[in-house]
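Participant: Got a structure for you, questions after.
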Amino acid sequence: MLANKQALIRYRIINRMLENGQYVTKNEIIEACREALDGKQISSRTIDADIEAMRYDTALGYDAPIHYNRSKRAYHYTETGYSIEKFPVSKDELQSMAFAAKLLEQYQKMEILEEFSDAVQKILSVLHMRRLFTEKPLDFIQFEHRPVFNGDVHLKACIDAISNEEVVFVTYRAYNKGKAYTHTVHPYYLKEYMGRWYLFGYNAYWKEERTYALDRIEELHVKHSATYFPCRYDPATCFKDVIGIHHGTGDKPQEMLLRLSADIAPYCLNQPVHDSQRVKEATDDYTLISIYVHPTPELVGLILSWGSHIEVIAPDTFRLEIKRRIKELLENY
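In structure tokens:
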């Protein structure tokens, strides 16, 4: 048996003997290790080296809180519940995980995540995260509030249907419709946008791909007897050249030239509106950028939200569309 493997066995034996706050003498450790290693002779110096490694060896990463009690002439763990079987992490790693846990809090009411709540709590307990929160809670960090939408209840069913290539019945009430209609949908893709989830799939009646907001779905059931029509292309490519949820399956994306004022340009350059964004020209007064996208309603809304800080230079058709929307907006005032 390799020496390093023997050492790992000894570490596990020492750990097992010290768990649950037990006090163990060196002779007891030696005897237990000898028995586990088929009678191999174990010296007192070997156990001393093992304990030293468990305490301070950075490669092992145990940082084992082993203390020698002189009055009892025995070793014990000073940290309740510690075990090398529970993966150790540094304080910096704990702080990072605390940040991540706080980020996840805003999603805790989503039904699809409820089945993982117990597992998350177990992990936090193993990492002594509760102790860290108690000592220094991250109350000084606030994330953007994420409201919970009714559509989240359909997330798991949609994921299962896509994964299993199953046709679904979708009872859907569109925003501009007073009545709900049932559609036969071959689901292909899920996308989140602005805190809402959308299902993209093939509508058998209309014989075209359509997008459904999950919070507008009233019922969703698998149609087991139906034959599933696989997507003819990678559905993710439908949203590659769009901003928002209106996919582009027909025409090619267009080059949009947008002129940004000097005060808004740094924000847009630091957080691009699309992966295709490129700087075409930069002066002290403005920055001209280009993006290759489809002219979706979400893009229109984004441009209007920037007000006078942005101007659409090209294409002419999209520039005229923005101009028309601005005139409509002025009529309200």
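The sequence shown runs 266 to 598 under the working numbering. Heads up, the beta-carbon is just placed ideally off N, CA and C, and yes, glycines get one too.
Opposite P452 in the DSSP bridges: which residues?
Facilitator: Translated into positions along the sequence shown, residue 452 becomes position 187. Answer by DSSP bridge pairing, in chain order: G466.
Participant: Please go through the same chain and pick out, in chain order, the residues whose beta-carbon is closer than 8 Å to the beta-carbon of T345, but skip the five residues on each side of it.
Facilitator: The residue given as residue 345 occupies position 80 in the sequence shown. These residues qualify, in order along the chain: G286.
Participant: Going residue by residue through the region 523-587, where are the continuous alpha helix (DSSP H) segments of at least 4 residues, counting only ones entirely within it?
Facilitator: 530-535 and 562-570, all fully within the region 523-587.
Participant: Starting from N292, trace the beta strand (DSSP E) in both directions and tell me its first and last residue.
Facilitator: Taking the sequence shown and counting its residues from 1, one reaches residue 292 at position 27. Segment K291 to A301 is the alpha helix (DSSP H) holding N292; no beta strand (DSSP E) there.
Participant: For the alpha helix (DSSP H) containing L479, list its first residue and its last residue.
Facilitator: Position 214 of the sequence shown, counted from the start, is the residue given in the question as residue 479. From DSSP, L479 is part of no alpha helix (DSSP H); its letter is neither H nor E.
Participant: Have a look at the DSSP bridge pairing and note the partners of T436.
Facilitator: Locating residue 436 in the sequence shown gives position 171, where the first residue counts as 1. Beta-bridge pairing links T436 to T447 and E484.
Participant: Do E563 and L523 count as a contact pair if the criterion is CB distance below 9 Å?
Facilitator: The sequence position of residue 523 within the sequence shown is 258, counting from 1. The sequence position of residue 563 within the sequence shown is 298, counting from 1. Not in contact: L523 and E563 (Cβ atoms no closer than 9 Å).
Participant: Closest to P580 by C-alpha separation, out of G566, N441 and H559, would be which residue?
Facilitator: The sequence position of residue 580 within the sequence shown is 315, counting from 1. It is H559.
Participant: Give a yes or no on contact between the region 318-338 and the region 296-309, applying the rule of three or more CB pairs nearer than 8 Å.
Facilitator: The region 318-338 vs the region 296-309: no contact.
Participant: Can you check whether the CB of Y321 is closer than 9 Å to the CB of I279?
Facilitator: Position 14 of the sequence shown holds residue 279. Position 56 of the sequence shown holds residue 321. No, these two residues do not count as a Cβ contact at 9 Å.
Participant: Using CA atoms only, rank isn't needed, just tell me which of Y446, R277, L534 and L420 is closest to R611.
Facilitator: A query on residue 611 cannot be resolved here, the shown segment of the chain reaching from 266 to 598 and no further.
Participant: Rank S573, R299, L464 and A445 by C-alpha distance to the C-alpha of H511 and give the top, closest one.
Facilitator: What you label residue 511 is simply residue 246 of the sequence shown in a count that begins at 1. Checking every option, the nearest Cα to that of H511 belongs to L464.
Participant: Whole angstroms are fine: how far does the CA of T548 sit from the CA of L525?
Facilitator: Residue numbering aside, residue 525 sits at position 260 when the sequence shown is read from its first letter. Residue numbering aside, residue 548 sits at position 283 when the sequence shown is read from its first letter. If I take the Cα positions, the gap works out to 10 Å.
Participant: Taking only the alpha-carbon atoms, compute the straight-line gap between L569 and N468 and give it to the nearest angstrom.
Facilitator: Walking along the sequence shown from the start, residue 569 turns up at place 304. Walking along the sequence shown from the start, residue 468 turns up at place 203. Straight-line Cα distance between these residues: approximately 32 Å.
Participant: Between P537, L485 and S573, which has its C-alpha nearest E431's C-alpha?
Facilitator: Along the sequence shown, read from residue 1 onward, the residue named residue 431 stands at position 166. Cα-wise, what sits closest to E431 is L485.
Participant: Rounded to whole angstroms, what is the Cα-Cα separation between K488 and H448?
Facilitator: Start at 1 with the first residue of the sequence shown, and residue 488 comes out as number 223. Start at 1 with the first residue of the sequence shown, and residue 448 comes out as number 183. Cα to Cα, K488 sits roughly 11 Å from H448.
Participant: Which value, in whole angstroms, describes the spacing of the CA atoms of K444 and L455?
Facilitator: Within the sequence shown, residue 444 is the residue found at index 179, counting from 1. Within the sequence shown, residue 455 is the residue found at index 190, counting from 1. The straight-line gap from Cα to Cα measures roughly 24 Å.
Participant: Look at I295 and I316 and say whether their C-beta atoms are less than 9 Å apart.
Facilitator: Counting from one through the sequence shown, the residue named residue 295 turns up at place 30. Counting from one through the sequence shown, the residue named residue 316 turns up at place 51. Cβ atoms of I295 and I316: not closer than 9 Å.
Participant: Report the rounded CA-to-CA distance for G509 versus Y347, giving the unit in angstroms.
Facilitator: The residue given as residue 509 occupies position 244 in the sequence shown. The residue given as residue 347 occupies position 82 in the sequence shown. Roughly 48 Å separates the two Cα atoms.
Participant: Measuring CA to CA, which of F434, T323, N535 and D328 is closest to A491?
Facilitator: Residue numbering aside, residue 491 sits at position 226 when the sequence shown is read from its first letter. It is F434 whose Cα lies nearest to the Cα of A491.
Participant: If we ignore side chains and look at the alpha-carbon of each, how far apart do Y458 and D516 end up?
Facilitator: Taking the first residue of the sequence shown as 1, we reach residue 458 at position 193. Taking the first residue of the sequence shown as 1, we reach residue 516 at position 251. Distance between the alpha carbons of Y458 and D516 is about 22 Å.
Participant: My output table needs one value for A329: the three-state DSSP class, helix, strand or coil.
Facilitator: For the purposes of this step, residue 329 is taken as the residue at position 64 of the sequence shown. Coil, per DSSP.
Participant: Tell me the DSSP bridge mates of Y458?
Facilitator: What you label residue 458 is simply residue 193 of the sequence shown in a count that begins at 1. BP columns for Y458 point to R461.
Participant: Buried or exposed: V507, going by 16 or more other Cβ atoms within 10 Å of its Cβ?
Facilitator: Along the sequence shown, read from residue 1 onward, the residue named residue 507 stands at position 242. So V507 counts as buried.
Participant: Quick one: grab the DSSP three-state call for A314.
Facilitator: Numbered from 1 along the sequence shown, position 49 holds the residue referred to as residue 314. Looking at A314 - three-state DSSP - the assignment turns out to be helix.
Participant: Quick test of your reading: Y440 and I482, contact by CB under 8 Å. State the CB separation rounded to the nearest angstrom.
Facilitator: Taking the sequence shown and counting its residues from 1, the one referred to as residue 440 is at position 175. Taking the sequence shown and counting its residues from 1, the one referred to as residue 482 is at position 217. About 12 Å separates the two Cβ atoms, so there is no contact after all.
Participant: Using a threshold of 8 Å, is the CB atom of G346 nearer than that to any non-hydrogen atom of the ligand MN?
Facilitator: The ligand content of the structure shown is nil, which means the ligand MN is not present either.
Participant: Identify every residue that forms a DSSP beta bridge with E520.
Facilitator: Residue numbering aside, residue 520 sits at position 255 when the sequence shown is read from its first letter. Per DSSP, Y557.
Participant: What is the rounded straight-line gap between the Cα of L553 and the Cα of H451?
Facilitator: Indexing the sequence shown from 1 puts residue 553 at position 288. Indexing the sequence shown from 1 puts residue 451 at position 186. Cα to Cα, L553 sits roughly 41 Å from H451.
Participant: Between I529 and Y498, what straight-line distance do the alpha-carbon atoms span, to the nearest angstrom?
Facilitator: As a working note, residue 529 is residue 264 in the sequence shown. As a working note, residue 498 is residue 233 in the sequence shown. I529 and Y498: Cα-Cα distance of roughly 38 Å.
Participant: Would you report the Cα separation of E556 and M521, rounded to the nearest angstrom?
Facilitator: Against the sequence shown, residue 556 aligns to sequence position 291. Against the sequence shown, residue 521 aligns to sequence position 256. Per the sequence shown, the amino acid found at residue 556 is Ile instead of Glu. The alpha-carbon atoms of I556 and M521 are separated by roughly 5 Å.
Participant: Leaving out five residues on either side along the sequence, give the residues of the same chain with a beta carbon under 6 Å from the beta carbon of A329.
Facilitator: As a first step, residue 329 is located in the sequence shown; it is residue number 64 there, counting from the start. Result list for A329: M319 and R320, in chain order.
Participant: Tell me which same chain residues have a C-beta within less than 7 Å of the C-beta of H539, skipping the five on either side of it?
Facilitator: As a working note, residue 539 is residue 274 in the sequence shown. Result list for H539: I508, I556 and V558, in chain order.
Participant: Can you tell which of H574, Y598 and V565 has the C-alpha that lies nearest to the C-alpha of R589?
Facilitator: Mapped onto the sequence shown, residue 589 falls at position 324. For R589, the nearest C-alpha among the options comes from V565.
Participant: So who's on the other strand from H341, going by DSSP bridges?
Facilitator: For the purposes of this step, residue 341 is taken as the residue at position 76 of the sequence shown. H332.
Participant: Whose C-alpha, out of Q536, Y327, K291 and H574, is nearest the C-alpha of R310?
Facilitator: The count along the sequence shown starts at 1 and reaches residue 310 at position 45. It is K291 whose Cα lies nearest to the Cα of R310.
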